[in-house]
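Single-structure report; data block below.
Numbering (the working numbering), first residue to last: 11 to 184.
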């Protein structure tokens, strides 16, 4: 159970603050709701009925710093699978984004980034749909990482690169 004031990740809404847990009356039905406010879009409000296990199940506590570093540390060993079928890829990536699973989102970013680099080497660009998914994934992941690590969102990529570079140097020296 979550409490008022908790920060949670809620799918495509990103990091949200639980501003209230209260009874609301929608369509003549009174029910208890988590009222969420996305931290980067405070003019939006999301209502999650406590009775809807599927929706409540999409909420998760934000990561701790050590969990973020563990995800980053694991990335070099993770295979970046590319799904050739664009429809299947879009569906798979949408499911990953909606899950809010940072490990899977980071792996998705890695896959899109490597594919984008490969295309650029051949004078091509990432498809518009893939580029949009890439930006959404970065936004969701980097927002949470920045908030938890108390850094600016634009500092997340350099932090990841520095950590991965240090890790590769340590492996080379051992």
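For every residue, glycine included, the Cβ atom is placed at its ideal position computed from N, Cα and C.
Asked                                                                                      : Found
Contact between the region 18-25 and the region 149-159 (3+ Cβ pairs under 8 angstroms)    : yes
Anticipated Cβ contact below 8 angstroms, residue 113 with residue 143, distance rounded   : Contact flag wrong, Cβ pair sits at about 17 angstroms.
Where residue 164 falls, given that 16 or more other Cβ within 10 Å makes a residue buried : exposed
Option nearest residue 175 by Cα separation, candidates 88, 83 and 136                     : 83
DSSP state of residue 142 mapped onto helix, strand, coil                                  : helix
Residues that residue 34 bridges to, as DSSP identifies them                               : 41
Cβ-Cβ distance between residue 116 and residue 69 below 8 angstroms                        : no
Contact under 8 angstroms by Cβ, residue 12 with residue 57                                : no
For residue 71, the three-state DSSP class (helix, strand or coil)                         : strand
Residues near residue 129 in its chain [Cβ-Cβ closer than 8 angstroms; skip 5 each side]   : 135 and 136
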